[in-house]
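Novice:
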DNA sequence: TTTATATATCGCAATATTACGATAATAATA
DNA sequence: TATTATTATCGTAATATTGCGATATATAAA
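Protein chains in written order, with the working numbering: chain A, 704 to 810; chain B, 704 to 810.
Laid out in structure tokens, this is it:
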């Protein structure tokens with residue numbers, strides 16, 4: 704197997720899980736943290752900073768883009784990757800909503 | 704490869720990522736949601752409710768236990784799995800702290 | 001135009017995850 | 001004690017993820 708049975712869950716559950724999944728890698732956490740400490744955010748910095756190969760960083764950036772957390776603009780010969788603040792806040796709310804709705808104590 | 708280079712990240716980054724990773728599967732989201740709607744929380748219910756095999760549910764429960772989100776007590780011949788509310792709140796705070804510290808706009 | 005720089009994508013190998021049937025372990029019940 | 005019910009674990013197959021070198025692409029600079 705190895706394939707997640709997405710069809711037995713609803714869209715909200717799949718989306719929420721996908722979002723958590725993308726954040727579920729230390730390199731992607733580190734990338735977000737590094738970007739947030741900078742005023743300019745260029746991929747090349749990340750390769751030196753994080754210590755993974757350029758191809759690997761590029762792949763992680765792609766996943767962060769896939770859930771809308773990063774937006775990238777071409778700036779000269781490099782890319783300017785930044786956190787999309789609207790999406791960031793939206794996801795934080797979405798996630799807090801899950802936490803607040805789900806918490807329950809029975810034991 | 705396929706192996707995450709945890710050693711190049713700090714403990715906080717690895718922990719945070721691990722936490723996100725465990726929540727990054729729709730079955731585990733569904734399990735938490737289902738448990739939170741019940742006063743008694745028994746694994747056997749989950750198998751019918753979620754639609755995955757008993758062995759699979761048991762595996763997912765184990766992962767949720769691994770980050771402390773669930774606590775289980777033996778109750779007769781079945782298990783009572785519940786959300787550990789202290790840990791739940793702790794993780795929610797930890798996660799909000801990450802979101803609040805990391806958000807930044809440069810573009 | 002040529003060269004250098006920056007990023008994305010492809011292809012692959014190693015490892016991890018997901019799912020499940022079979023079976024073990026444990027406790028209640030007949 | 002034998003049976004039934006519930007959950008955990010083992011073994012395995014299918015698929016996904018991680019990471020990287022090689023290469024393609026695109027822009028700036030020489």
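All C-beta atoms in this analysis are idealised placements derived from N, C-alpha and C, irrespective of residue type, glycine included.
Per the contact definition of three or more C-beta pairs closer than 8 Å, is the region 754-774 of chain B in contact with the region 753-766 of chain A?
Specialist: Too few Cβ pairs lie closer than 8 Å, so no.
Novice: Tell me whether residue 806 (chain A) sits in a helix, a strand or coil according to DSSP, three-state version.
Specialist: Coil at residue 806 (chain A), not helix or strand.
Novice: Taking residue 825 (chain B) as part of the alpha helix (DSSP H), name the residues at either end of that continuous run.
Specialist: With chain B covering only 704 through 810, there is no way to say anything about residue 825 (chain B).
Novice: Does any C-beta atom of chain A lie closer than 8 Å to the C-beta of residue 720 (chain B)?
Specialist: At least one chain A Cβ lies under 8 Å of residue 720 (chain B).
Novice: Check this for me: beta carbons of residue 720 (chain B) and residue 728 (chain A), under 8 Å apart or not?
Specialist: Contact flag set, yes.
Novice: Should residue 805 (chain A) and residue 736 (chain B) be called a contact, given that it needs their Cβ atoms to be closer than 8 Å?
Specialist: Cβ atoms of residue 805 (chain A) and residue 736 (chain B): closer than 8 Å.
Novice: In or out: residue 710 (chain B) buried (at least 16 other Cβ within 10 Å) or exposed?
Specialist: Counting Cβ neighbours within 10 Å, residue 710 (chain B) comes out exposed, since fewer than 16 surround it.
Novice: With H, G and I counted as helix, E and B as strand and the rest as coil, what does DSSP make of residue 755 (chain B)?
Specialist: Residue state, collapsed to three classes: coil.
Novice: Please name the residue or residues paired with residue 765 (chain B) in a DSSP beta bridge.
Specialist: Bridge partners of residue 765 (chain B): none, in fact.
Novice: Using a Cβ-Cβ cutoff of less than 7 Å, which residues in the same chain neighbour residue 783 (chain B) once the five nearest sequence positions on both sides are dropped?
Specialist: Cβ neighbours of residue 783 (chain B) beyond the five flanking positions: 743, 744, 745, 775, 776.
Novice: So, is the C-beta of residue 763 (chain B) closer than 8 Å to a C-beta in chain A?
Specialist: No, residue 763 (chain B) lies away from the interface with chain A (no Cβ there is under 8 Å from its Cβ).
Novice: Anything in chain B within Cβ reach of residue 717 (chain A), meaning under 9 Å, just list it in chain order.
Specialist: Those are 729, 732, listed as they occur along chain B.
Novice: Could you check whether the Cβ of residue 777 (chain A) sits closer than 8 Å to any Cβ belonging to chain B?
Specialist: No, residue 777 (chain A) does not count as interfacial toward chain B.
Novice: Taking only beta-carbon atoms, is residue 709 (chain A) less than 8 Å away from chain B?
Specialist: Chain B, which has a Cβ nearer than 8 Å to the Cβ of residue 709 (chain A), makes this yes.
Novice: Pick helix, strand or coil for residue 773 (chain A), following the three-state DSSP scheme.
Specialist: Strand, per DSSP.
Novice: Return the residue from the list A:750, A:717, A:722 that minimises the CA-CA distance to residue 766 (chain A).
Specialist: Nearest of A:750, A:717, A:722 to residue 766 (chain A), Cα basis: A:722.
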